Amino acid sequence: MKSIYFRNFLATAALVLCCFTIIGAAFFFLGRSYLINSTRESMNASADEVVRAAAAVSREQSLSSWSLRMTISPIANSTSCHIFISDQDGLVLSCSDLVPYCEHTGKKLDQTVVNTLHVEKKLDRLTTLAGFYHEQRLVVAKPIETDGSVIGYVFVSSDNASVLDTWKTFIGVALTVGVAVMLIAMLMSLIFSKKMAEPLDQLTVASRKFALGDFSVRVENTERRDDEIGTLLDSFNNMADTLEKSDRKRQELIANISHELRTPMTTIAGFADGIIDGTIPREQEDKYLRKIADETRRLARLVRNMLDLSQAETKAVDKSKRIKFDLSELLLQTLLSFESRAKEKNLDVDPQLPEDPIIVFAERDSITQVLYNLTDNAVKFASPGSTIKILLYKRGGKAYVSIKDKGETIPPDDLPYIFDRFHKSDRSRSMDKDGVGLGLYLVKRIINSHDEDIAVTSRDGVTEFVFTLPLA
Numbered sequence: 018m019k020s021i022y023f024r025n026f027l028a029t030a031a032l033v034l035c036c037f038t039i040i041g042a043a044f045f046f047l048g049r050s051y052l053i054n055s056t057r058e059s060m061n062a063s064a065d066e067v068v069r070a071a072a073a074v075s076r077e078q079s080l081s082s083w084s085l086r087m088t089i090s091p092i093a094n095s096t097s098c099h100i101f102i103s104d105q106d107g108l109v110l111s112c113s114d115l116v117p118y119c120e121h122t123g124k125k126l127d128q129t130v131v132n133t134l135h136v137e138k139k140l141d142r143l144t145t146l147a148g149f150y151h152e153q154r155l156v157v158a159k160p161i162e163t164d165g166s167v168i169g170y171v172f173v174s175s176d177n178a179s180v181l182d183t184w185k186t187f188i189g190v191a192l193t194v195g196v197a198v199m200l201i202a203m204l205m206s207l208i209f210s211k212k213m214a215e216p217l218d219q220l221t222v223a224s225r226k227f228a229l230g231d232f233s234v235r236v237e238n239t240e241r242r243d244d245e246i247g248t249l250l251d252s253f254n255n256m257a258d259t260l261e262k263s264d265r266k267r268q269e270l271i272a273n274i275s276h277e278l279r280t281p282m283t284t285i286a287g288f289a290d291g292i293i294d295g296t297i298p299r300e301q302e303d304k305y306l307r308k309i310a311d312e313t314r315r316l317a318r319l320v321r322n323m324l325d326l327s328q329a330e331t332k333a334v335d336k337s338k339r340i341k342f343d344l345s346e347l348l349l350q351t352l353l354s355f356e357s358r359a360k361e362k363n364l365d366v367d368p369q370l371p372e373d374p375i376i377v378f379a380e381r382d383s384i385t386q387v388l389y390n391l392t393d394n395a396v397k398f399a400s401p402g403s404t405i406k407i408l409l410y411k412r413g414g415k416a417y418v419s420i421k422d423k424g425e426t427i428p429p430d431d432l433p434y435i436f437d438r439f440h441k442s443d444r445s446r447s448m449d450k451d452g453v454g455l456g457l458y459l460v461k462r463i464i465n466s467h468d469e470d471i472a473v474t475s476r477d478g479v480t481e482f483v484f485t486l487p488l489a
């Protein structure tokens with residue numbers, strides 16, 4: 018399997034090579050054209066300069082004069098060109114070679130060249146001048162005119178090989194620079210690819226440890242990257258934190274379940290063994306059988322709560338089960354089920370409900386459980402002879418339910434954990450022997466599943482739970 022590091026390096030190398038090839042090809046053709054055009058411009062400028070000099074000399078001397086040759090020789094040397102002057106019939110009169118008789122002086126150009134000059138009045142091409150030169154040269158020719166008449170021609174030629182040599186030098190330099198740039202680019206690509214792959218390799222190692230159950234591993238974002246990879250690393254670490262917390266809660270849940278199940282089962286087994294082996298006298302068997310029945314019912318409640326907990330944590334939010342219903346009516350129905358228990362503790366239940374119905378949009382069965390759990394909590398912990406106040410009102414497009422009882426104050430340190438699984442405050446442990454600490458946790462899960470919230474306050478012995486529901 019090819020790593021992303023290797024693939025990224027190959028892709029970058031291919032891109033650099035492709036760009037280098039395209040730029041090189043463009044430089045080859047455009048540069049060659051530019052060099053030839055530049056040479057032509059230089060030759061045309063030299064030809065114009067010689068034409069002016071020849072026209073001036075011709076007024077007093079012939080075109081074969083030594084002074085004219087002395088004039089054109091420096092021009093030829095400065096441009097690395099060969100220059101000669103012919104009369105109107107193509108006879109070479111002067112040459113840029115400073116020797117008494119150069120090889121070209123006295124030669125006559127082919128008549129086809131002369132005819133072409135008579136017609137076109139100029140020449141600018143790659144040619145041998147019909148055999149005048151042994152190899153092709155870049156030739157520029159212009160007429161020498163005095164008083165409107167052509168008295169001769171100036172020929173400026175450049176060796177094609179010298180142009181190509183210059184071009185080859187350019188190509189060599191360009192290739193050297195291009196290869197150096199390509200190697201540097203590929204080296205930088207190698208470094209950056211490796212740098213990009215390192216956090217992904219760390220992420221792979223961390224994921225494998227996760228698969229083995231080690232949720233403590235984290236991937237360090239040492240460079241504080243704020244790109245996509247940095248976001249991926251931060252997301253992985255956030256996921257790791259969540260999974261570690263979930264695993265810790267799972268372990269705590271198993272420990273709490275084991276503890277809660279052990280107590281009633283130990284009691285049931287102990288009393289049953291005592292009856293069987295005769296340790297418990299016959300006249301007391303009914304008493305201990307009732308205790309076994311109580312512990313069995315407690316065990317059944319615990320199992321039922323565990324099933325409710327499992328459903329609350331695993332089932333997805335099903336908005337199709339939400340309906341419109343009167344929250345005031347549901348609240349009154351719930352209070353009726355606590356009438357006998359309230360009388361036993363001499364509690365005064367004071368529901369303050371509006372005259373008009375308050376219609377909400379929610380899952381009725383779930384909200385029934387919320388109201389039941391909160392009312393059960395209030396009845397359980399309210400001081401005998403006190404008042405439980407229940408308030409229902411509307412505000413800001415929501416329905417508010419407040420259930421308030423007067424009893425012992427919940428310690429401030431316990432309030433942040435009041436909705437946690439299996440959490441039991443000191444007052445719960447002393448007043449609620451049968452509870453397992455799941456009621457308020459289920460309440461919060463249900464309210465949160467409706468995208469609403471629940472809050473609790475407790476001061477001076479007054480504890481109040483307030484939650485909201487969306488109005489229909």
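Reading the sequence shown from the start, the letters are residues 18 to 489 in my numbering. From the three backbone atoms N, C-alpha and C, an ideal C-beta is built for every residue, glycine too. Predicted model, so just to flag it, every value in this text is computed and none were measured.
- Under the three-state reduction of DSSP, G107 is assigned to coil, being neither helix nor strand.
- Membership of A472 in the beta strand (DSSP E) is indicated by the continuous run I471 to R476.
- The alpha-carbon separation between V387 and I435 amounts to approximately 15 Å.
- Inclusion of K159 and V68 in the CB contact set at 8 Å is warranted, their separation being smaller than that value.
- In this structure the stretch 415-433 lies against the stretch 381-399, because at least three pairs of beta carbons, one per stretch, are closer than 8 Å.
- DSSP places L457 inside the alpha helix (DSSP H), whose first and last residues are G456 to S466.
- If the five residues before and after V483 are omitted, its C-beta is found closer than 6 Å to the C-beta atoms of S419 and A472, all from its own chain and listed in chain order.
- At a Cβ-Cβ threshold of 8 Å, K415 and T485 count as neighbours.
- Here I464 is buried, its C-beta having at least 16 other C-beta atoms within 10 Å.
- Residue state for R381 is assigned as helix, using DSSP reduced to three classes.
- Between the stretch 133-144 and the stretch 190-201 there are fewer than three inter-stretch CB-CB distances shorter than 8 Å, so the stretches are not counted as touching.
- Taking C-alpha positions only, M87 is separated from S113 by approximately 8 Å.
- Nearest C-alpha to T193 among R339, F37 and G107: F37.
- Looking from the CA of A93, the closest CA among V74, E77, N61 and S81 belongs to N61.
- Per DSSP, reduced to three states, the secondary structure at I39 is helical.
- In this model, V377 and Y410 are separated by some 12 Å (Cα to Cα).
- Note that the C-beta distance between V222 and A257 is not below 8 Å.
- Contact check for V157 and R49: beta-carbon distance about 18 Å, past the 8 Å limit, so the pair fails to qualify.
- Annotation note: the stretch 281-352 contains the following uninterrupted alpha helix (DSSP H) runs of length 4 or greater, listed N- to C-terminal: 302-331.
- Cβ contact annotation for S82 (same chain, cutoff 7 Å, sequence separation greater than five): V74, in chain order.
- Minimum Cα-Cα distance from Y170 among the listed residues E372, M323, L140 and M205 corresponds to L140.
- Taking a contact as a CB-CB distance under 8 Å, the pair V173 and I100 counts as one, their CB atoms being some 5 Å apart.
- Closest in C-alpha terms to D127, from the list E361, M213, K341 and Y150, comes Y150.
- As a beta-bridge residue in DSSP terms, D422 pairs with T480.
- Annotated as proximal: P368 and L352, with beta-carbon spacing under 8 Å.
- Taking a C-beta distance under 8 Å as the contact criterion, G291 and I285 do not qualify as a contact pair.
- P401 carries a coil assignment under DSSP once its states are collapsed to helix, strand and coil.
- Contact check for L457 and N390: beta-carbon distance about 7 Å, within the 8 Å limit, so the pair qualifies.
- R154 counts as buried, since no fewer than 16 other beta carbons sit within 10 angstroms of its beta carbon.
- Counting other Cβ atoms within 10 Å of its Cβ, G107 reaches 16 or more and is therefore classed as buried.
- Excluding residues up to 5 positions away in sequence, A72, S75 and R76 lie with their Cβ nearer than 8 Å to the Cβ of T163 in the same chain.
- Under a 10 Å Cβ-count criterion, T404 is classified as exposed, with fewer than 16 other Cβ atoms of the shown protein chains found around its own Cβ.
- The Cβ atoms of D343 and I375 lie closer than 8 Å to each other.
- Here DSSP, grouped into helix, strand and coil, assigns V173 to strand.
- A residue is called buried when at least 16 other Cβ atoms come within 10 angstroms of its Cβ; F26 meets this threshold and is buried.
- When secondary structure is reduced to three states using DSSP, R76 falls in the coil class, being assigned neither helix nor strand.
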